[in-house]
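Okay, so here's the structure we're looking at.
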Amino acid sequence: MSDSKTILIAEDSSVILNLTKKILELQKYRIVSAKNGGEVVKQLEAQPIDCILLDINIPVKDGMTVAREIRQHGNDKIRQVPIIAITGNANNYTMDDFREAGITDYLPKPLDFDALVRTVKQHIG
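Anchor point for the sequence shown: position 12 equals 12 in the UniProt record's numbering, and the numbering is continuous, going up by one each time.
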């Protein structure tokens, strides 16, 4: 891959963040991170992001709120970034709930790292 794609990981658990980062860096992706929902849009506005891995239960602003904000953003490129939700509470939401919020796909916790790589590649190559 000549120009590596950038993935924003919005996750407050440093263990999950670090593991996810290492797995995706092995796949030659560039990783940036946000520790809370308030940082996500700032990161999107500061640099080109190809995909977001978004924890639903993130502090400051929850993932569903952040996803809706992204989908209503004034910048087309930001509005269209694939959002992959990461949640330990997938049973609390249906795929319709995720779609309504603008979420492209989701992965349940504990993360299956093979599924993580497969899902990211499916959305951004």
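C-beta: ideal position from N, C-alpha, C; glycine also.
Just so it is clear, the structure is predicted and the values come from calculations on it, not from any experiment.
Residue i: first and last residue of the uninterrupted alpha helix (DSSP H) it sits in
i            : result
threonine 20 : 14-26
lysine 61    : First-last for lysine 61: undefined, no H or E at that position.
CA-to-CA distance, residue j to residue i, given in whole angstroms
i            : j           : result
aspartate 3  : arginine 30 : 10 Å
glutamine 52 : tyrosine 93 : For clarity, residue 52 is isoleucine in the given sequence; the question names glutamine instead. Spanning the two alpha carbons is a distance of roughly 19 Å.
Residues near residue i in its chain [Cβ-Cβ closer than 6 Å; skip 5 each side]
i            : result
methionine 1 : The predicted position of methionine 1 is uncertain, since its pLDDT is 44 and thus under 50; no value can be drawn from it.
Run of the beta strand (DSSP E) containing residue i, from where it starts to where it stops
i             : result
threonine 6   : 6-10
aspartate 114 : Where aspartate 114 is concerned, there is no enclosing beta strand (DSSP E), although the alpha helix (DSSP H) it sits in stretches over 113-124.
asparagine 52 : Before going on, a small fix: residue 52 reads as isoleucine here, not asparagine. Note, isoleucine 52: beta strand (DSSP E), 51-55.
Cut-off 7 Å between Cβ atoms - residues of its own chain near residue i, not counting five sequence neighbours on either side
i          : result
alanine 67 : Leu54, Ile83, Ala101, Gly102 and Ile103
valine 117 : Ile23 and Gln27
Residues bridged to residue i [DSSP beta-bridge criterion]
i             : result
isoleucine 31 : Ile7
proline 108   : Thr87
Neighbourhood of residue i by C-beta, 8 Å cutoff - its chain only, sequence neighbours within 5 removed
i           : result
residue 161 : The structure shown does not extend to residue 161, since the chain is modelled only from 1 to 125, so the question has no answer here.
lysine 61   : Asn36, Gly37, Gly38, Val40 and Glu69
Q. Can you find at least 3 beta carbon pairs, one from the stretch 50-59 and one from the stretch 83-91, that sit closer than 8 Å?
A. yes
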